[in-house]
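Under my numbering, read the sequence shown as residues 7 to 111, first letter to last.
Okay, structure first, notes after.
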Amino acid sequence: MEVICDANDISEGAARRFSVKNLDLIVVHRYGIFYAYRNECPHMNLPLTNRSKGIIDKNQKHLVCIQHRAEFDIENGFCVKGPCQGMELEPVNIETNNGKLYLKE
């Protein structure tokens, strides 16, 4: 397994972008659970963000794509608003162990 980061590098209610093993990822920390997705909007296969931090809406319920403002549910990656409604982000398997986040092979 490849280390992504220390778990405490992503504060509660935040999202961060990482590059691990040639994968561009967005990892979100919400209610003590970490979710990871490819940093790629299904609408036009463009990045959700080009910044080091992911964009989360003010209610901390959705990831927001910087390209067309599509919104994705954090827990399952489903698009709930925008041009790709009904599509979903591609999940990435991660694991938390000893205070670190790992990319599962």
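Note that beta-carbon positions come from the ideal geometry of N, C-alpha and C, so glycine has one too.
Per DSSP, the bridge partner or partners of E101:
Y108
Going by DSSP, what residues sit across from E94 in a beta bridge?
F84
My output table needs one value for A76: the three-state DSSP class, helix, strand or coil.
coil
Separation of E96 from N14, as counted between CA atoms
24 angstroms
With a CB to CB cut of under 6 angstroms and the five nearest residues on each side skipped, what residues in its chain are close to E101?
Y108 and K110
Cβ-Cβ distance between C90 and P48 below 8 angstroms:
yes
With a threshold of 6 angstroms on Cβ separation, who are the neighbours of K87 within its own chain once the five nearest residues in sequence on each side are excluded?
E77
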